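In our numbering, the protein residues as written are 161 to 291.
Even glycine gets a Cβ: it sits at the ideal position worked out from N, Cα and C.
This structure is a prediction, so every number in the text was calculated from the model and none was measured.
Taking it in order: structure first as structure tokens, then the write-up.
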Amino acid sequence: MISGSGLRGRPWPELMPDGRAALVLPAAPDRPVFAGDGWADRTTGLGLAAGPRPGWSAVLDDYRLTLHRPGATVWFDGEVGADRHWRRRLRDHRTLLLVTGPFTGVFDFRPAAEAGRLFLLTVSARLAGDL
161 MISGSGLRGR PWPELMPDGR AALVLPAAPD RPVFAGDGWA DRTTGLGLAA GPRPGWSAVL
221 DDYRLTLHRP GATVWFDGEV GADRHWRRRL RDHRTLLLVT GPFTGVFDFR PAAEAGRLFL
281 LTVSARLAGD L
């Protein structure tokens with residue numbers, strides 16, 4: 161799916177080496193990143209093993225993902241080009257690792273990562289529909 165490939169500023173799904181589902185979201189003005197919401201960067205310690213942050217939630221209904229930040233504000237609501245395996249990993253782990261930063265797509269993700277400019281957040285997650 162082109163819409164799930166990181167092109168045109170769209171988020172794309174990934175799997176971590178331990179099998180956890182991750183979603184890489186290019187920066188967008190309507191998706192602010194506040195340290196007080198629990199985002200970690202290289203200066204705060206990335207803490208990939210950290211549990212879900214309080215107040216955050218992710219619900220995947222078929223291919224539509226809705227992310228709520230503290231205060232029940234929608235942080236992201238849109239389609240994700242996730243395959244069945246990725247959705248199973250999300251269901252099994254019940255968490256989703258969000259990765260964002262100053263990049264607009266897959267081609268400028270690596271420079272942002274190499275410069276240590278990524279922000280990470282683990283949220284509780286559930287499936288609302290069938291696999």
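Are the CB atoms of Leu-257 and Arg-180 nearer to each other than 9 angstroms?
Here the question's residue 257 lines up with position 97 in the sequence shown. Here the question's residue 180 lines up with position 20 in the sequence shown. The Cβ atoms of Leu-257 and Arg-180 sit closer than 9 angstroms to each other.
Does Pro-271 come out as helix, strand or coil in the three-state DSSP assignment?
Against the sequence shown, residue 271 aligns to sequence position 111. Here Pro-271 sits in helix by DSSP.
So Arg-251 and Ser-284 are supposed to be a Cβ contact under 8 angstroms. How far apart are they, rounded?
Taking the first residue of the sequence shown as 1, we reach residue 251 at position 91. Taking the first residue of the sequence shown as 1, we reach residue 284 at position 124. Between Ser-284 and Arg-251 the Cβ distance is about 12 angstroms, and since that is not below 8 angstroms, they are no contact.
Pull up the CB-CB distance for Val-184 and Val-259, whole angstroms please, since I reckon it's below 8 angstroms.
What you label residue 184 is simply residue 24 of the sequence shown in a count that begins at 1. What you label residue 259 is simply residue 99 of the sequence shown in a count that begins at 1. So it is a contact: roughly 5 angstroms between Cβ atoms.
Are at least three pairs of beta-carbons, each pair with one atom in the region 226-241 and one in the region 259-271, less than 8 angstroms apart?
The region 226-241, when compared against the region 259-271, does not touch it at the 8 angstroms Cβ threshold.
Looking at the unbroken alpha helix (DSSP H) that takes in Asp-252, where does it start and where does it end?
Walking along the sequence shown from the start, residue 252 turns up at place 92. It spans 244-253 - the alpha helix (DSSP H) in which Asp-252 sits, taken as one unbroken run.
4 or more residues per run - each alpha helix (DSSP H) lying fully within the region 174-210:
Those alpha helix (DSSP H) runs which fall completely within the region 174-210 and span 4+ residues do not exist here.
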